[in-house]
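A.B. asks: Handing you a structure now.
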Amino acid sequence: MPRIFSQRLICLKKGLRFATIIPIRSAKQSTTDGKRTKNMKILHTADWHIGQRLHERSRLDEHKQFLDWLLETIQKRKVELLLVSGDIFDTSLPSAEATNLYYRFLYRLFDETDAYTVITAGNHDSARHLEAPREFLEMGKIYVVGLATEPAKCVLPFPPDNPRLMVAAVPYLLESELRHFSYQTEAERNDRYREWLKAFYADCVAYMPAELPKILMGHLFVQGGKETNSERNIQIGGATAIRAADFPDGVNYVALGHLHRPQTIKDTDYPIRYSGSPIPLRFNETGYSKKVYLLELSDDGSLVRDEDIEIPVFKELCTVEGDEAAILSRAMTGNWGGKYIQIKLKLSKPQTGINDEIRQAFGDRGGEVLSVEIELPEATQGPVIPVEEMERPEKIFAQFHKAKFDGELPDETLAQTFSELLQMVSDSSEGGFNLFPTP
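Be aware that the sequence shown starts at 36, since it is given in my numbering, and climbs by one per residue.
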């Protein structure tokens, strides 16, 4: 019989008006419960973005491979505490498949490891949906904080019955909190919000016993962080650009999410770190390794291990740039098996059929082209259309085609297709406003 979260199973027996409570085997206790070991192993990750799609391609298979790898890493490294700093899902309404993948991972985490887990909401997540099963998940040593209504709610001891470490599980702090402040200018607004963030973290630390090591979590932008341009903007004109010095003293580590490139903010007495996303979410997130961070804290707060663990590449993203000849040559000579490809094609003039030709060339070598971006010389002047011809869309289309394709008129098939599209639009008006009136 597989272990389940509940310590009691309530079975409603057919024909009876009451529930029979049947004791079952209790949830597995951590091997660290009730014992003080010298060090505590902590793994920091963030920005999973489960359910994300790249040019309409699902990334669920890559996320499944990452979560399998993460579980194996937790087991091999004997991790005692997993920290996930926001953006669990890519949208606030994730698909059933994405949700299923997430909860299956949590069940396996509970069933196959001894680790405690802390999960916070990011700006992509629905905070209420994420923490809705909070009480149920806590039976499996999984703690979720979606809404930070007050600092005390974010402060968690680990292990709960014999604390050796304190965590401030601070999720993405909603910009609506600015309603509590008065301001007249954008600069004042930014200052008020930054001051509020600073005070919130200070209050969290004030709730913690002074003698225990302290870790802060957050999903925000810290000045000095390097963006990848794929993060959804959570700044209010810089309001969430908190300074590293704004975090309180007496902290041992800050585990952040939001920026997708793994990095450490410099010039601080303790590590302030973004773990980054586990898979590249855009083509511009290549060229550097994806990571999780493994820490080992002693009971006095000393950081005795600070190791980055490189995440395997589950699906390679490639960008190929050049003119038609160069790109087709790369297609024929490269090994593109199983790769997603972005094409940046330079043309001197528009060329019909080139998109399909390039996709086919890479597809024949096992790759999949997700995007073809065509760069053309900037036109100095658009096509000149006589006023008397502007009333007929077919003539406008013909002039446009001539300007784009070296004076060539559209062939009969293309012209007929355009006319059919015009008729469809005209018919859809059902006698009302006609977008293309007959003169």
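The C-beta atom is built at its ideal place from N, Cα and C for all residues, glycine as well.
Compute the distance between the beta-carbons of GLN192 and MET201, then report whether it is under 7 angstroms.
C.D. replies: The question names Gln, yet the displayed sequence has Pro at residue 192. Yes, these two residues count as a Cβ contact at 7 angstroms.
A.B. asks: Check this for me: beta carbons of ILE77 and LEU136, under 7 angstroms apart or not?
C.D. replies: No, the pair does not count as a contact, with Cβ atoms beyond the cut-off.
A.B. asks: Since LEU291 and GLY253 are thought to touch, with beta carbons under 8 angstroms apart, how far apart are those beta carbons, to the nearest angstrom?
C.D. replies: 5 angstroms
A.B. asks: If you follow the beta strand (DSSP E) that ALA162 is in, where does it begin and where does it stop?
C.D. replies: That residue, ALA162, is in no beta strand (DSSP E); its alpha helix (DSSP H) goes 162-166.
A.B. asks: How would you call VAL460, buried or exposed, if buried means at least 16 neighbouring beta carbons within 10 angstroms?
C.D. replies: exposed
A.B. asks: Once the 5 residues before and after LEU182 are set aside, which same chain residues still bring their CB inside 6 angstroms of it?
C.D. replies: ALA162
A.B. asks: I need the straight-line Cα distance from GLU185 to LYS176, nearest angstrom please.
C.D. replies: 22 angstroms
A.B. asks: May I have the straight-line CA-CA distance separating LEU380 from LEU363, to the nearest angstrom?
C.D. replies: 10 angstroms
A.B. asks: Rounded to whole angstroms, what is the Cα-Cα separation between LEU449 and PHE349?
C.D. replies: 42 angstroms
A.B. asks: Give the single residue among SER310, ASP284, GLU320 whose Cα lies nearest to the Cα of THR303.
C.D. replies: ASP284
A.B. asks: Given a cut-off of 7 angstroms, decide if PHE397 and THR354 are closer than it, judged by their beta-carbon atoms.
C.D. replies: Annotated as distal: THR354 and PHE397, with beta-carbon spacing of 7 angstroms or more.
A.B. asks: Judging by CA-CA distance, which residue of GLY157, LEU247, SER120 is the nearest neighbour of ASN197?
C.D. replies: Comparing Cα positions, the closest option is LEU247.
A.B. asks: At which residues does the beta strand (DSSP E) containing GLU331 begin and terminate?
C.D. replies: For GLU331, the enclosing beta strand (DSSP E) begins and ends at 326-333.
A.B. asks: Within this structure, are the beta carbons of GLY157 and TYR236 separated by less than 7 angstroms?
C.D. replies: no
A.B. asks: Figure out for me which residue from ARG88, THR155, ALA150, ARG169 has the closest Cα to the Cα of PRO129.
C.D. replies: ARG88
A.B. asks: Is it buried or exposed, VAL493, if we count other Cβ atoms within 10 angstroms and call 16 or more buried?
C.D. replies: The structure shown does not extend to residue 493, since the chain spans only 36 to 474, so no value can be given for it.
A.B. asks: Going by CA-CA distance only, name the one from ASN370, LYS249, VAL407 that's closest to GLY336.
C.D. replies: Closest in alpha carbon position to GLY336, among ASN370, LYS249, VAL407, is LYS249.
A.B. asks: For GLN458, does the three-state DSSP call read helix, strand or coil?
C.D. replies: helix
A.B. asks: Output the boundary residues of the beta strand (DSSP E) element that contains PHE349.
C.D. replies: PHE349 -> no beta strand (DSSP E), and no H or E assigned at all.
A.B. asks: What does DSSP give as the partner residues of GLU410 in its beta bridges?
C.D. replies: LYS381
A.B. asks: Can you give me the C-alpha to C-alpha distance between ILE56 and ASP122, rounded to a whole angstrom?
C.D. replies: Because ILE56 sits at a pLDDT of 30, beneath the cut-off of 50, its placement in the model cannot be relied upon, and the following sentence gives the value as read from the coordinates. The straight-line gap from Cα to Cα measures roughly 38 angstroms.
A.B. asks: Measuring alpha carbon to alpha carbon, tell me which residue in LEU457, VAL407, GLU413 is nearest LYS430.
C.D. replies: LEU457
A.B. asks: Between which two residues does the alpha helix (DSSP H) containing SER364 stretch?
C.D. replies: Its alpha helix (DSSP H) spans residues 359-368.
A.B. asks: Please identify the residue among ASP334, ASP125, PRO315 whose C-alpha is closest to the C-alpha of MET75.
C.D. replies: Shortest Cα-Cα distance from MET75 to any of ASP334, ASP125, PRO315 involves ASP334.
A.B. asks: Give every residue of the same chain whose Cβ lies closer than 7 angstroms to the Cβ of ARG169, excluding the five residues on either side of it in the sequence, and list them in chain order.
C.D. replies: VAL179
A.B. asks: What's the C-alpha gap between GLU147 and GLN110?
C.D. replies: 8 angstroms
A.B. asks: Let me check understanding here. Comparing Cα to Cα, which of VAL257, TYR288, CYS189 lies closest to ASP341?
C.D. replies: Closest option to ASP341, judged by alpha-carbon separation, among VAL257, TYR288, CYS189: TYR288.
A.B. asks: Judging by CA-CA distance, which residue of LEU316, LEU294, ALA203 is the nearest neighbour of GLU91?
C.D. replies: When LEU316, LEU294, ALA203 are compared, the shortest CA-CA separation from GLU91 is found for LEU316.
A.B. asks: Quick one, which of THR152, GLU97, LYS73, THR134 has its alpha-carbon nearest ILE346's?
C.D. replies: GLU97
A.B. asks: Between the beta-carbon of GLU356 and the beta-carbon of TYR375, is there less than 7 angstroms?
C.D. replies: 7 angstroms or more divides the Cβ of GLU356 from the Cβ of TYR375.
A.B. asks: Identify every run of the beta strand (DSSP E) within the region 231-259, keeping only runs that are complete inside it and at least 3 residues long; order them along the chain.
C.D. replies: 249-254
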